[in-house]
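Student: The structure under discussion is supplied below as structure tokens; questions concerning it will follow.
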Amino acid sequence: MQYFLNGLPIGAIYAVVALSYSLIYTSSGVLNWSQGDMVMLGAYIGFTLTQVFHWSFTPALLASMVVVGLVGVIVQRLILKPLRERKAPPINVVIATLGVAIITRNIALAIWGPDAQVFPSPVGDKPLQLSMISVTHQDILVVCVGILVMAILQYFLKYTKEGKALRAVAQDRRAAVLMGVDTQKSDAVAFAASAALGASAGILVAPIFFVTFNMGAGIGLKGFVAAVIGGLGSIPGSIAGGFFLGTLESLAGGQISSGYRDAITFALLILVLWLKPSGLFITKSRQKV
Amino acid sequence: MLQVEAIKAGYGTTQVLNGVTFVVETGKITTLIGANGAGKTTTLNCIAGVLQTTGGRITWQGREISSLSAREIVRIGIAMIPEGRHVFPQMTVRENLEMGAYVRSDTMQIKRDFEWVLTLFPKLKTRLTQMAGTLSGGEQQMLAVGRALMLNPELLLMDEPSMGLAPIVVQEVFEVIKEIERMGKTILLVEQNAALALSIAHTAYVIELGNIVLSGSGQSLLTNREVEKAYLGL
């Protein structure tokens, strides 16, 4: 029970990062390897705003999501759009996003230096003892904000005009163009929303780990694994994959050994790719011809 | 009136249209019939702005539209129903219809058009919350037509609306096309089912290997000996 609870906050963070991969993948067909570094940027901007400028948590979270969202748009305009117009093969786009990751990492290194920064929890990390189990305020905050962010994304996709357009592009790009949807704009919206999701994950994860310029590699990879386990491109699948991976790691770390935690994660990734590459939580609905 | 004058187009180095010329009269059904690969869909794609022409010109109500993008074409009131329907499978029927009005902002009129589309397709009314991907082929075709009508278009381009449908459903679809004509819309219909298309068309053109080879009223082509041999299978 305790391991399960411990897994929830990290699971929520994985879920948010997994969602950010899926959102871009499903709507623009791009596997964006700079997603982890958007998490890192979000953490650094949150760190700077709260620790250097003494902002409180909520405005810092929102500001960080907005700024990193704009970075997402810049990435789309500078990298994806020109490649699309030249009809570059998908692998070139993937490699270009790897380039974005490296550049972002080094910009962060130049601005914030190589030392790991401590991001104290905005709500303190005193544990809350409830008979047999204990949770920290930080854990509760992470789970709540994580769920809130995911709920807002759902609302955006289901009930707003731009959100619906994004889904339309994801499901049938050609038909969406015939409806008059600007696919460049919907790509930009997808990149912005994904980057903002990453930033929120960054601020949430920062008090759990340290903030470093290369933290994006680890969390980005875990988020990607969660997305693949749950079903890359599927929103409910990604959320389920995130929580599943979080609790699994917590169980594996507690019951077996924390040294094997990552090994178990990647073994699971290989198993899923081998046995059910569409994702564990996806039942593919076939389209009628 | 839509005027297509000597348009040329192709994919990569393959030229598909070698100077196609025809006219679509306002408020009438015009059909373009021909064999597979003759250039029917390519012609529609050029008008819809999905494919850029490499020669000739297309004018709509006196305005040259050859160089407009697909997005701009939608905004001047030309809707296309693509071959194979292309409804958004993971969106509800209602959301699909809403997407048809994506470029419009006149909320009141959109609501009225929504009601009007539902009276035209009563079957869709009972399925508003159902995912479009779970509809039958005929229902998906109705949805694709309804979605295009949500633009309140002046000109409707229809690519093979009978494809893959049972004969009885095809009849239903063609009844709807006639109904849309009665409402004063201009329709350019591309079909492989030549007999049916000719029977409802005011004017018809036969396209072969990227050239218009024959034209006339729908009725006259129905009884034309060459058309009978090549396309009606009599």
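Residue numbers (the working numbering), protein chains in the order written: chain Z, 1 to 289; chain E, 290 to 523.
In this text, a Cβ means the ideal position worked out from N, Cα and C, and glycines have one as well.
Note that the coordinates shown come from a computational prediction; the quantities given were computed from them, not determined experimentally.
Taking buried to mean at least 16 other C-beta atoms within 10 Å of its own C-beta, is PHE463(E) buried or exposed?
Tutor: As a first step, residue 463(E) must be located in the second sequence, where it is residue number 174. That one is buried.
Student: What does DSSP give as the partner residues of SER504(E) in its beta bridges?
Tutor: Looking up residue 504(E) in the second sequence gives position 215. The partner list for SER504(E) (beta bridge, DSSP) reads TYR494(E).
Student: Just the C-alpha distance for GLY308(E) and ILE469(E), rounded to the nearest angstrom, thanks.
Tutor: Residue 308(E) sits at position 19 when you count from the first residue of the second sequence. Residue 469(E) sits at position 180 when you count from the first residue of the second sequence. Cα to Cα, the separation comes out at about 30 Å.
Student: Can you pull out the residues from the stretch 159-181 of chain Z whose beta carbon lies closer than 7 Å to at least one beta carbon of chain E?
Tutor: Answer in chain order: LYS164, ALA165, ARG167, ALA168, GLN171, ASP172, ARG174, ALA175, VAL177, LEU178, MET179, GLY180 and VAL181.
Student: MET397(E): buried (16+ other C-beta within 10 angstroms of its C-beta) or exposed?
Tutor: Mapped onto the second sequence, residue 397(E) falls at position 108. Exposed is the call here.
Student: Provide the residue(s) that pair with GLN117(Z) in DSSP beta bridges, ordered along the chain.
Tutor: On the first sequence, residue 117(Z) is found 117 positions in, with the first residue counted as 1. BP columns for GLN117(Z) point to VAL211(Z).
Student: Starting from the Cα of LEU487(E), find the closest Cα among LEU432(E), ARG383(E) and LYS467(E) and give me that residue.
Tutor: Along the second sequence, one-based indexing puts residue 487(E) at 198. Looking at the Cα atoms, LYS467(E) is the closest of the given residues.
Student: For HIS375(E), would you say it is in contact with chain Z, using Cβ-to-Cβ distances shorter than 8 Å as the test?
Tutor: For the purposes of this step, residue 375(E) is taken as the residue at position 86 of the second sequence. Judged by the 8 Å Cβ criterion, HIS375(E) is in contact with chain Z.
Student: Pull out every residue of the stretch 355-369 of chain E whose Cβ sits closer than 8 Å to any Cβ of chain Z, in chain order.
Tutor: Listed by position along the chain: ALA359, ARG360, VAL363, ARG364, ALA368 and MET369.
Student: Run through DSSP, which three-state label would LEU130(Z) get?
Tutor: Here the question's residue 130(Z) lines up with position 130 in the first sequence. Looking at LEU130(Z) - three-state DSSP - the assignment turns out to be strand.
Student: Per DSSP, what kind of secondary structure is GLY453(E) in: helix, strand or coil?
Tutor: Within the second sequence, numbered from 1, the residue matching residue 453(E) stands at position 164. DSSP places GLY453(E) in coil when its eight states are reduced to three.
Student: Should TYR25(Z) be labelled buried (16 or more other beta-carbon atoms within 10 Å of its own) or exposed?
Tutor: Stepping through the first sequence from its first residue, residue 25(Z) is reached at position 25. That one is buried.
Student: Pull up the CB-CB distance for THR249(Z) and ILE10(Z), whole angstroms please, since I reckon it's below 8 Å.
Tutor: One-based indexing of the first sequence puts residue 249(Z) at position 249. One-based indexing of the first sequence puts residue 10(Z) at position 10. Checking the sequence, you will find Glu at residue 249(Z) rather than Thr. Indeed, because the Cβ distance is near 7 Å, the residues count as touching under 8 Å.
Student: How would you write the range of the alpha helix (DSSP H) that ALA168(Z) sits in, first residue to last?
Tutor: Counted from its first residue, the first sequence places residue 168(Z) at position 168. Start and end: 161-171.
Student: Short of 7 Å in beta carbon distance, which residues of its chain neighbour SER34(Z), apart from the five on each side in sequence? Order them along the chain.
Tutor: Taking the first sequence and counting its residues from 1, the one referred to as residue 34(Z) is at position 34. So the qualifying residues of the chain are VAL75, THR97, VAL100, ALA101 and THR104.
Student: With LEU19(Z) as the anchor, note down where its alpha helix (DSSP H) starts and where it stops.
Tutor: In the first sequence, residue 19(Z) corresponds to position 19, counting from 1. Per DSSP, LEU19(Z) belongs to the alpha helix (DSSP H) from 2-28.
Student: Below 8 Å, how does it come out for the stretch 434-450 of chain E and the stretch 364-375 of chain E: are there three or more Cβ pairs, yes or no?
Tutor: The answer is yes - the stretch 364-375 of chain E touches the stretch 434-450 of chain E, with three or more Cβ pairs under 8 Å.
Student: Closest by CA to VAL225(Z), which one among PHE213(Z), VAL211(Z), PHE243(Z) and PHE210(Z)?
Tutor: Within the first sequence, the letter at position 225 stands for residue 225(Z). Measuring from the Cα of VAL225(Z), the nearest candidate turns out to be PHE243(Z).
Student: Under a three-way DSSP split, which group does VAL181(Z) fall into?
Tutor: The residue given as residue 181(Z) occupies position 181 in the first sequence. Looking at VAL181(Z) - three-state DSSP - the assignment turns out to be coil, as it is neither helix nor strand.
Student: Determine, using beta carbons only, whether LEU280(Z) and ILE229(Z) come nearer to each other than 8 Å.
Tutor: In the first sequence, residue 280(Z) corresponds to position 280, counting from 1. In the first sequence, residue 229(Z) corresponds to position 229, counting from 1. Their beta carbons are under 8 Å apart, which means LEU280(Z) touches ILE229(Z) by this criterion.
Student: For SER355(E), which residues from the same chain have a beta carbon less than 6 Å from its beta carbon, with the 5 sequence-adjacent residues on both sides left out?
Tutor: Here residue 355(E) is taken as the residue at index 66 of the second sequence, counted from 1. The answer, listed in chain order, is THR342, ARG346 and ILE347.
Student: Is there a Cβ of chain Z sitting closer than 8 Å to that of MET388(E), yes or no?
Tutor: For the purposes of this step, residue 388(E) is identified with residue 99 of the second sequence, where counting begins at 1. Answer yes: the Cβ-Cβ gap between MET388(E) and chain Z drops below 8 Å somewhere.
Student: What is the rounded straight-line gap between the Cα of GLY233(Z) and the Cα of GLY218(Z)?
Tutor: In the first sequence, counting from the first residue as 1, residue 233(Z) sits at position 233. In the first sequence, counting from the first residue as 1, residue 218(Z) sits at position 218. Looking at the two C-alpha atoms, the distance is approximately 21 Å.
Student: Within 8 Å of any Cβ in chain Z, is that where the Cβ of GLN481(E) sits?
Tutor: Counting from one through the second sequence, the residue named residue 481(E) turns up at place 192. Judged by the 8 Å Cβ criterion, GLN481(E) is not in contact with chain Z.
Student: Just the Cα atoms here: how many angstroms apart are GLN430(E) and ILE501(E)?
Tutor: Counting from 1 along the second sequence, the entry for residue 430(E) is found at position 141. Counting from 1 along the second sequence, the entry for residue 501(E) is found at position 212. C-alpha separation (whole angstroms): 28 Å.
Student: Would you check if the distance between the CB atom of ARG436(E) and the CB atom of ASN385(E) is smaller than 8 Å?
Tutor: Numbered from its first residue, the second sequence carries residue 436(E) at position 147. Numbered from its first residue, the second sequence carries residue 385(E) at position 96. The answer is yes: Cβ separation under 8 Å.
Student: Does LYS400(E) come out as helix, strand or coil in the three-state DSSP assignment?
Tutor: Reading the second sequence from its first residue, position 111 is the one you call residue 400(E). LYS400(E): helix per DSSP, three-state reduction.
Student: What number of angstroms, rounded off, separates the C-alpha of MET215(Z) from the C-alpha of ASP37(Z)?
Tutor: Numbered from its first residue, the first sequence carries residue 215(Z) at position 215. Numbered from its first residue, the first sequence carries residue 37(Z) at position 37. Computed Cα separation, rounded: 8 Å.
Student: Check each candidate in ALA324(E), THR320(E) and LYS400(E) and name the one with the smallest Cα separation from GLY507(E).
Tutor: Start at 1 with the first residue of the second sequence, and residue 507(E) comes out as number 218. When only C-alpha atoms are compared, the closest one is THR320(E).
Student: What does GLU449(E) reach in chain Z if we use C-beta pairs closer than 7 Å?
Tutor: Working through the second sequence from its first residue, we reach residue 449(E) at position 160. Per Cβ cutoff of 7 Å: no residues; GLU449(E) is ~14 Å from chain Z at best.
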